[in-house]
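J.: Quick one: the structure is below, and I'll ask about it shortly.
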Amino acid sequence: AKFFRQANVLLWDCKMLSIIKFSKDGTKLVSCSDDRKIQVWDTSRGKIARVFDGVQYILDAKFLPDKSLVVICPDHSTFRLLNVNLRKKSKRFHGHTDRITIAQFSPDGQTIASYSEDRTIQLWNVKSASRIKVLSGHVDTVNCVEFSSDGLTLLSCSADRTIRTWDVDSGKNTRIFKGHAGAIMKARFSGDGKFIVSCSEDSTIRIWDVELGTEIRRMKEEGVGDIGYSPDGLTVVSASSTIIHIWDVEKGMLLQVLEGHSAGITTIHCSSNGKAIASCSDDRTIRLWKW
């Protein structure tokens, strides 16, 4: 088993971070705060590499092949993209009829999935800023959307206690996963897209087989706020209160407990090489854990 240790503590001076995300190669971490700043951190040194000021609240961020950073900036029922290096804004993405609460880039950066209080998930072409598909089905608030690593499938999880998978090309709902007894807060694909991990207000973490649509593993943990899959699919990372747990997927067994935060953890993100975890907390630190 791989064991993680705390490598860096990154301090930030504001009330809240809305997002933390690794670059594809894991050498950078982007964070966005409520004081209209985006910080790009050098993960090997644990220092800020760049700060971009005057950027409104963002929902997602992506590093382009040319190393520039693009973020999704919502404005009630519309959103724009901003290249923060060039200070260049895209056309406005129109289509939702109520406030947008979630937006995610596809792995190749060509598509965006957004969710709004109008109860629809919408898919967008990034280049043309045009809407491709409207996905409807959930009967309560959607808490999370995520693309599979090949970009062909989208998952959504909801307070209606279901997870749905969608074919990105056709917009069809391919599966509905039922079993949780409470609102599902987060769900993530495994790296190969064959499994989904979810956490719910019913105090369980569950692993699902995507093809069969069935639950294959269940772990008990209260108050899980965020969850992640290691890229190799062998471990699941969960955050509850101030603690991070690392689970063996095959056995459903707890492998490691990571402690260090002094207030509730709000977000965790696993690097795509599986060698680092970033956790963000109300204690005003981002902590990097490495093996």
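In my numbering, the protein residues as written are 47 to 337.
By construction, the Cβ of each residue, glycine as well, lies at the ideal position given by its N, Cα and C atoms.
For clarity, every value in this text was computed on a predicted model and none was experimentally measured.
(1) Kindly indicate if chain D contains any beta-carbon less than 7 Å away from that of K74.
(2) So what does DSSP say about E192, is it helix, strand or coil?
(3) Check K93 in the structure and name its three-state DSSP category.
(4) Can you tell me the Cβ-Cβ gap for V214 and T157, rounded? I've got them flagged as a contact below 8 Å.
(5) I'd like to confirm the pairing. Which residues does DSSP put opposite M231 in its beta bridges?
(6) Evaluate D106 with the Cβ neighbour count: other Cβ atoms within 10 Å of its Cβ, from every protein chain shown; 16 or more gives buried, anything less gives exposed.
(7) On the three-state DSSP scale, how would you describe L258?
(8) Could you check the C-alpha separation between L57 and R330 for me, to the nearest Å?
(9) Looking only at its chain, what residues have a beta carbon closer than 6 Å to the beta carbon of V86, apart from the 5 residues adjacent to it on each side?
(10) Take the Cβ of V295 as the centre, count every other Cβ of all protein chains shown within 10 Å, and call the residue buried at 16 or more, exposed below.
(11) Can you find the residues in the same chain that come closer than 8 Å, C-beta to C-beta, to G259, ignoring five residues on each side of it along the sequence?
(12) Please look up how many angstroms separate the CB atoms of I167 and A159, rounded, as I've assumed it's under 8 Å.
(13) When the Cα atoms are used, what is the spatial distance from D255 to N171?
(14) Look at R263 and Q52 and say whether their C-beta atoms are less than 7 Å apart.
(15) In three-state DSSP terms, what is S287?
(16) Where does W87 fall in DSSP's three states?
(17) What's the C-alpha gap between D186 and S204?
T.: Short version:
(1) No chain D is part of this structure, which consists of one protein chain only.
(2) strand
(3) strand
(4) 7 Å
(5) In the DSSP output, where bridge partners are listed per residue, M231 has none listed.
(6) buried
(7) coil
(8) 6 Å
(9) K74, V76, A95 and R96
(10) buried
(11) R221, I222 and F223
(12) 6 Å
(13) 29 Å
(14) no
(15) coil
(16) strand
(17) 6 Å
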